[in-house]
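So in this note's numbering, the last spot in the sequence shown is 284, and the numbers never skip. Quick notes on the structure that follows.
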Amino acid sequence: MAGKLLWWNTKRLGGTTSEARKKAIAAISNGIEFDYQFFCELCSAAEDPRWQNITYRKQSNSQLGYGCYDQNGAEYVLAREDPPAGAPPGYAGFAGGNNFKNLVDRAPAYAVGPVGGVAVYIIHAPSTMNGAGGKRALSYLACHFMNIHGDNPWLIVGDFNVRPDDLGNPPAGFGARLGWNMAGLITPPDVDTYKGTFRNSKLDYVLSNGVAGVSVTVIRRSTRWSDHMPIVVEWT
Numbered sequence: 049m050a051g052k053l054l055w056w057n058t059k060r061l062g063g064t065t066s067e068a069r070k071k072a073i074a075a076i077s078n079g080i081e082f083d084y085q086f087f088c089e090l091c092s093a094a095e096d097p098r099w100q101n102i103t104y105r106k107q108s109n110s111q112l113g114y115g116c117y118d119q120n121g122a123e124y125v126l127a128r129e130d131p132p133a134g135a136p137p138g139y140a141g142f143a144g145g146n147n148f149k150n151l152v153d154r155a156p157a158y159a160v161g162p163v164g165g166v167a168v169y170i171i172h173a174p175s176t177m178n179g180a181g182g183k184r185a186l187s188y189l190a191c192h193f194m195n196i197h198g199d200n201p202w203l204i205v206g207d208f209n210v211r212p213d214d215l216g217n218p219p220a221g222f223g224a225r226l227g228w229n230m231a232g233l234i235t236p237p238d239v240d241t242y243k244g245t246f247r248n249s250k251l252d253y254v255l256s257n258g259v260a261g262v263s264v265t266v267i268r269r270s271t272r273w274s275d276h277m278p279i280v281v282e283w284t
């Protein structure tokens, strides 16, 4: 079964009025029918979509959150994903400990499942100058999902804050003898998704396993609202 998702790091829209966000999102979606629409970098006062603070830290109104609409345009409540403490099978070579809750501030969310037979997750990964925070977080989650889902299909979409080629090149020993590799899970976007001060990058994309025909397409009409382009994720 097919699926279609929207992901967008809204950045500056997090502090604008509800009406401004609704207009911007309507312009981005432009009549496209999505199973779900996911957003990040919403401020606590945000409505339409409503701010959802999914974190491992003590909650405060200064934290950035997620938002979600379902296929009917209604608010959808996301659930925090809580990997168990300790390294999942295959996660090796990374410094910084093996407790995932110590590696990230914003937690990943178990969005919906199954959509077209696929368990769907989202994340706004940690941002570091060299992409190490996102690389460590997504590598851990890939091992976690491969372990808990087995042969059942899963997909995680988000602002990974690491480029696909860096994420696809983990440390020596990572995933040893598991029969899969990070590069094989990555579906990159067709063009850059982030407009930076010094360079542009592909930061918003997908990791998945067992999902047929995955594609990531950038909607190229958002630079006046955010420094991230929205992406459309589809599978057959």
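Ideal Cβ placement from N, Cα and C applies to all residues, glycine included.
Cβ neighbours of residue i in the same chain (closer than 6 Å, five flanking residues each side left out)
i      : result
Gly221 : Ala140, Gly141
Leu226 : Gly138
Leu112 : Glu89
Trp273 : Leu61, Ala72
Thr58  : Phe87, Glu89, Ser274
Pro31  : There is simply no residue 31 to check, as the chain begins at 49 and stops at 284 in what is shown.
Gln107 : Asn101
Tyr188 : Tyr139, Phe148
Glu123 : Arg98
Pro236 : Pro212, Lys250, Tyr253
Boundaries (first-last residue) of the alpha helix (DSSP H) holding residue i
i      : result
Ser66  : 66-77
Ser187 : 180-197
Where the beta strand (DSSP E) through residue i begins and ends
i      : result
Asp252 : 252-257
Residues of its chain near residue i, where Cβ-Cβ distance is below 8 Å and the 5 sequence neighbours each way are ignored
i      : result
Ser66  : Ala94, Glu95, Asp96
Ser175 : Gly181, Gly182, Asn209
Ala75  : Arg269
C-beta atoms of residue i and residue j nearer than 8 Å
i      : j      : result
Pro212 : Lys250 : yes
Val166 : Val259 : yes
Asn294 : Gly232 : Here the chain has residues from 49 to 284 only, and residue 294 is not among them.
His276 : Asp207 : yes
Ala159 : Tyr169 : yes
Val205 : Val254 : yes
Ile102 : Ala157 : yes
Ser263 : Glu282 : yes
Asp53  : Tyr104 : One detail in the question is off: residue 53 reads as Leu in this sequence, not Asp. Against a cut-off of 8 Å, the Cβ pair of Tyr104 and Leu53 comes out as no contact.
Asp238 : Asn248 : no
Ala127 : Val152 : no
Thr284 : Ala50  : yes
Pro278 : Trp56  : yes
Bridge partner(s) assigned by DSSP for residue i
i      : result
Glu123 : Tyr117
Val163 : Val166
Leu54  : Gln85, Val280
Ala157 : Arg128, Ile170
Same chain, Cβ closer than 7 Å to residue i, neighbours up to 5 away in sequence not counted
i      : result
Gly115 : Phe87, Leu90, Ala94, Pro97, Arg98, Trp99, Gln100
Gly63  : Cys91
Asp214 : Gly179, Lys183
Ala133 : Asn147
Asp118 : Tyr84, Tyr124
Any C-beta of chain C under 8 Å from that of residue i
i      : result
Gly113 : The structure shown contains no chain C, having only a single protein chain.
Closer than 7 Å: residue i CB and nearest the ligand PLP heavy atom
i      : result
Val163 : By its list of ligands, the structure shown contains no ligand whatsoever, and the ligand PLP lies outside what it can speak to.
*asked:* Which complete alpha helix (DSSP H) runs does the region 204-274 hold, if anything under 4 residues is left out?
replied: 212-215
*asked:* As an exercise, report each continuous beta strand (DSSP E) stretch of at least 3 residues that is fully enclosed by the region 72-118, in chain order.
replied: 84-90, 113-117
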